[in-house]
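Asker: Take this structure first; my questions come after.
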Amino acid sequence: MSDLLSGWTPAPPGHKHVVSVSLGSSKRNAREEVTLLGQPFILERIGTDADAKKAAELFGALDGKIDAFGLGGADLYVIADGKRYQFGNVRKLVANAKKTPVLDGSGLKNTLERDAIAQLDPLLNWRTQKVLMVSAVDRFGMAEALAQHGADIVFGDVVFGLGIDRPLRSLAALRNVARLVLPAITKLPQDWFYPTGAKQETSVEGKGTKYYAWADVIAGDTHYAKRYAPKRLEGKTILTQTITEADRAWMSEHGVARLITTTPRMGSRNFATNVLEACFVAMSGKKEALSEDEYLKYIREVGFKPEVNEL
235 MSDLLSGWTP APPGHKHVVS VSLGSSKRNA REEVTLLGQP FILERIGTDA DAKKAAELFG
295 ALDGKIDAFG LGGADLYVIA DGKRYQFGNV RKLVANAKKT PVLDGSGLKN TLERDAIAQL
355 DPLLNWRTQK VLMVSAVDRF GMAEALAQHG ADIVFGDVVF GLGIDRPLRS LAALRNVARL
415 VLPAITKLPQ DWFYPTGAKQ ETSVEGKGTK YYAWADVIAG DTHYAKRYAP KRLEGKTILT
475 QTITEADRAW MSEHGVARLI TTTPRMGSRN FATNVLEACF VAMSGKKEAL SEDEYLKYIR
535 EVGFKPEVNE L
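Those letters in the sequence shown? Residues 235 to 545, by this note's numbering.
Structure representation (structure tokens):
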């Protein structure tokens with residue numbers, strides 16, 4: 235256990251410390267010092283390259299030593315159409331965290347990302363946009379907001395998550411799939427349908443590639459968007475959250491015209507919603523996820539807005 239924390243240092247006195255333990259690639263690791271509402275933070279991400287055993291051990295080794303955990307590369311639960319669906323195997327993954335709260339970003343996705351769609355309407359005029367959401371059941375707030383703003387949407391959950399060429403073209407269809415599929419999917423290992431470790435570094439062109447050509451905007455998880463993308467994305471807008479400098483370079487190389495992140499850049503990168511949700515919980519002093527109203531209060535106070543990059 236001690237070898238896991240070799241070279242790791244706790245936050246300086248007076249700082250809050252958030253560590254995101256991720257099943258994703260260790261190439262995306264980061265440690266940044268930021269200040270939010272006068273409170274200094276150390277924000278850290280530790281990738282385990284799809285090693286679930288190592289991730290579980292890290293939750294145990296760091297438990298009680300930091301203020302809040304983020305969980306990356308997996309979801310504890312998804313909120314779809316007002317209902318919460320929990321991943322049983324992921325709950326076991328974080329079971330070693332007995333003292334420190336674990337946040338997966340689900341609560342913040344349902345508030346911050348919904349809010350971001352409204353803020354972006356004057357720029358993008360959603361009624362004029364064709365939007366491909368590569369995966370929507372884990373971002374139901376964004377999906378509902380896009381539908382409410384009149385975007386022409388294809389939800390790619392069945393196409394990309396299940397490998398079946400059945401695009402969903404309405405919120406009603408997405409709700410039906412969520413109701414039918416999520417009770418079964420949440421009993422399976424999440425890496426069956428979400429890229430972890432080395433899979434995050436590889437692309438797979440397939441049945442869904444044609445929907446990228448149709449869309450003006452590709453929205454959703456960065457890894458999903460990159461994994462199934464064609465080689466060229468000229469003129470496209472990418473709407474996502476977690477971005478590193480390597481991701482920015484990838485998008486420029488593929489011809490992406492505009493990159494929009496729902497989370498702001500903090501230090502050298504845009505951290506995932508699990509990190510920001512953990513920040514807000516650490517700031518509150520609570521040991522559990524906050525309410526939607528509490529998240530919105532912090533979003534307003536901090537002044538988070540989507541970051542628009544013309545590439």
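Beta carbons are placed, not taken as given, at the ideal position from N, Cα and C, and that holds for glycine.
Quick check on the DSSP output: what are the complete beta strand (DSSP E) runs of length 3 or more inside the region 318-387, in order along the chain?
Answerer: The region 318-387 contains these whole beta strand (DSSP E) runs: 364-367.
Asker: Where does the unbroken alpha helix (DSSP H) through serine 486 begin, and where does it stop?
Answerer: Numbered from its first residue, the sequence shown carries residue 486 at position 252. Run containing serine 486: 479-487, per the alpha helix (DSSP H) assignment.
Asker: How would you label glutamate 522, buried or exposed, when you count the other beta carbons within 10 angstroms and need 16 or more for buried?
Answerer: Here the question's residue 522 lines up with position 288 in the sequence shown. It counts as exposed.
Asker: Under 8 Å, do tyrosine 446 and phenylalanine 394 count as touching if we go by C-beta distance?
Answerer: In the sequence shown, residue 446 corresponds to position 212, counting from 1. In the sequence shown, residue 394 corresponds to position 160, counting from 1. No, the pair does not count as a contact, with Cβ atoms beyond the cut-off.
Asker: Given valine 252, which residues of its chain have a CB within under 8 Å of its CB, disregarding the five upstream and five downstream residues?
Answerer: For the purposes of this step, residue 252 is identified with residue 18 of the sequence shown, where counting begins at 1. Here the set comprises Phe275, Ile276, Leu277, Glu278, Ile300, Asp301, Ala302, Phe303, Gly304, Val509, Ala512, Cys513, Ala516.
Asker: With the cut-off set at 8 Å, would you say arginine 503 and isoleucine 533 are in Cβ contact?
Answerer: Residue 503 sits at position 269 when you count from the first residue of the sequence shown. Residue 533 sits at position 299 when you count from the first residue of the sequence shown. No; because the gap between Cβ atoms is not below 8 Å, this pair is not in contact.
Asker: If I measure Cβ to Cβ from methionine 235 and keep anything under 8 Å in the same chain, skipping five residues before and after, which residues do I get?
Answerer: Counting from 1 along the sequence shown, the entry for residue 235 is found at position 1. For methionine 235, the pLDDT reaches just 47, beneath the cut-off of 50, and the residue's location in the model is therefore unreliable, leaving the point undetermined.
Asker: Taking three-plus beta-carbon pairs below 8 Å as touching, is the region 323-331 in contact with the region 343-352?
Answerer: Segments in contact, no.
Asker: Quick test of your reading: valine 368 and valine 312, contact by CB under 8 Å. State the CB separation rounded to the nearest angstrom.
Answerer: Position 134 of the sequence shown, counting from 1, holds the residue named residue 368. Position 78 of the sequence shown, counting from 1, holds the residue named residue 312. Going by Cβ atoms, the distance from valine 368 to valine 312 rounds to 15 Å, so no, they are not a contact pair.
Asker: Do threonine 282 and serine 254 come within 8 Å of each other at the CB atom, strictly closer than that value?
Answerer: Residue 254 sits at position 20 when you count from the first residue of the sequence shown. Residue 282 sits at position 48 when you count from the first residue of the sequence shown. No, the Cβ-Cβ distance between serine 254 and threonine 282 is not below 8 Å.
Asker: Alanine 314: buried (16+ other C-beta within 10 angstroms of its C-beta) or exposed?
Answerer: Locating residue 314 in the sequence shown gives position 80, where the first residue counts as 1. Alanine 314 is buried by the Cβ-count criterion.
Asker: Excluding the five sequence neighbours on either side, which residues of its own chain have a C-beta within less than 8 Å of the C-beta of alanine 449, listed in chain order?
Answerer: By 1-based counting over the sequence shown, the position of residue 449 is 215. So the list reads Lys364, Val365, Leu366, Val388, Lys470, once near-sequence residues are dropped.
Asker: From the DSSP output, which residues share a beta bridge with glycine 304?
Answerer: Sequence index remark: in the sequence shown, residue 304 carries index 70 (1-based). Bridge partners of glycine 304: Ser254, Leu337.
Asker: With a threshold of 7 Å on Cβ separation, who are the neighbours of threonine 495 within its own chain once the five nearest residues in sequence on each side are excluded?
Answerer: In the sequence shown, residue 495 corresponds to position 261, counting from 1. So the qualifying residues of the chain are Thr474, Gln475, Ile477, Asn504, Pro540, Glu541.
Asker: Are there 16 or more other CB atoms within 10 angstroms of the CB of glycine 548, so buried, or fewer, so exposed?
Answerer: What is shown of the chain runs 235 to 545, which leaves residue 548 out entirely.
Asker: For the alpha helix (DSSP H) holding glutamate 526, just list the boundary residues, first then last.
Answerer: Within the sequence shown, the letter at position 292 stands for residue 526. Unbroken alpha helix (DSSP H) run through glutamate 526: 526-536.
Asker: Cα-Cα, which of Pro401, Lys250, Trp360, Arg413 is closest to arginine 318?
Answerer: Against the sequence shown, residue 318 aligns to sequence position 84. Comparing Cα-Cα distances from arginine 318 to each of Pro401, Lys250, Trp360, Arg413, the minimum goes to Arg413.
Asker: Can you name, in chain order, every residue of its own chain whose Cβ lies under 8 Å from the Cβ of valine 268, other than the five neighbours on each side?
Answerer: Taking the first residue of the sequence shown as 1, we reach residue 268 at position 34. Hits under 8 Å: Pro274, Phe275, Leu277, Met500, Gly501.
Asker: Excluding the five sequence neighbours on either side, which residues of its own chain have a C-beta within less than 7 Å of the C-beta of tryptophan 484, listed in chain order?
Answerer: Sequence index remark: in the sequence shown, residue 484 carries index 250 (1-based). So the qualifying residues of the chain are Lys460.
Asker: Can you tell me where the alpha helix (DSSP H) holding tyrosine 458 begins and where it ends?
Answerer: For this step, residue 458 is matched to residue 224 along the sequence shown. 456-461 is the span of the alpha helix (DSSP H), which, as asked, contains tyrosine 458.
Asker: Look at the Cβ atom of glycine 307, then the Cβ atom of glycine 258, and state whether they are nearer than 8 Å.
Answerer: Here residue 307 refers to the residue found at position 73 when the sequence shown is read from its first residue. Here residue 258 refers to the residue found at position 24 when the sequence shown is read from its first residue. It is a contact, given that the beta carbons lie within the stated cut-off.
Asker: Could you tell me how far apart the beta carbons of phenylalanine 321 and leucine 337 are, in whole angstroms, since I believe they sit closer than 8 Å?
Answerer: By 1-based counting over the sequence shown, the position of residue 321 is 87. By 1-based counting over the sequence shown, the position of residue 337 is 103. The Cβ separation is near 14 Å, so there is no contact.
Asker: Just the Cα atoms here: how many angstroms apart are serine 525 and alanine 418?
Answerer: The sequence position of residue 525 within the sequence shown is 291, counting from 1. The sequence position of residue 418 within the sequence shown is 184, counting from 1. For serine 525 and alanine 418, the distance between alpha carbons rounds to 27 Å.
Asker: Can you give the Cα-Cα distance for leucine 380 and arginine 262, rounded to whole angstroms?
Answerer: Within the sequence shown, residue 380 is the residue found at index 146, counting from 1. Within the sequence shown, residue 262 is the residue found at index 28, counting from 1. C-alpha separation (whole angstroms): 29 Å.
Asker: Can the beta-carbon of proline 401 be found closer than 8 Å to that of glycine 384?
Answerer: Residue 401 sits at position 167 when you count from the first residue of the sequence shown. Residue 384 sits at position 150 when you count from the first residue of the sequence shown. Contact: no.
Asker: Could you tell me the boundaries of the alpha helix (DSSP H) in which phenylalanine 293 lies?
Answerer: Locating residue 293 in the sequence shown gives position 59, counting from the first residue. Start and end: 286-296.
Asker: Could you tell me the distance, in whole angstroms, from the CA atom of alanine 463 to the CA atom of histidine 488?
Answerer: Numbered from 1 along the sequence shown, position 229 holds the residue referred to as residue 463. Numbered from 1 along the sequence shown, position 254 holds the residue referred to as residue 488. Using only the alpha carbons, I get a separation of about 9 Å.
Asker: Output the distance between the C-alpha atoms of proline 244 and lysine 444, rounded to the nearest integer angstrom.
Answerer: Working through the sequence shown from its first residue, we reach residue 244 at position 10. Working through the sequence shown from its first residue, we reach residue 444 at position 210. If you take the alpha carbons of proline 244 and lysine 444, they lie about 47 Å apart.
Asker: Among all the DSSP beta bridges, which residues are the ones paired with proline 274?
Answerer: Taking the sequence shown and counting its residues from 1, the one referred to as residue 274 is at position 40. Answer by DSSP bridge pairing, in chain order: Thr269.
Asker: Rounded C-beta distance between methionine 376 and arginine 348? I'm assuming under 8 Å.
Answerer: The residue labelled residue 376 in the question sits at position 142 within the sequence shown. The residue labelled residue 348 in the question sits at position 114 within the sequence shown. About 6 Å separates the two Cβ atoms, so the contact holds.
Asker: For phenylalanine 394, which three-state DSSP category applies?
Answerer: Within the sequence shown, the letter at position 160 stands for residue 394. Three-state result, phenylalanine 394: helix.
Asker: Can you give the Cα-Cα distance for asparagine 323 and threonine 420, rounded to whole angstroms?
Answerer: As a first step, residue 323 must be located in the sequence shown, where it is residue number 89. As a first step, residue 420 must be located in the sequence shown, where it is residue number 186. Each residue's Cα considered, the two are about 8 Å apart.
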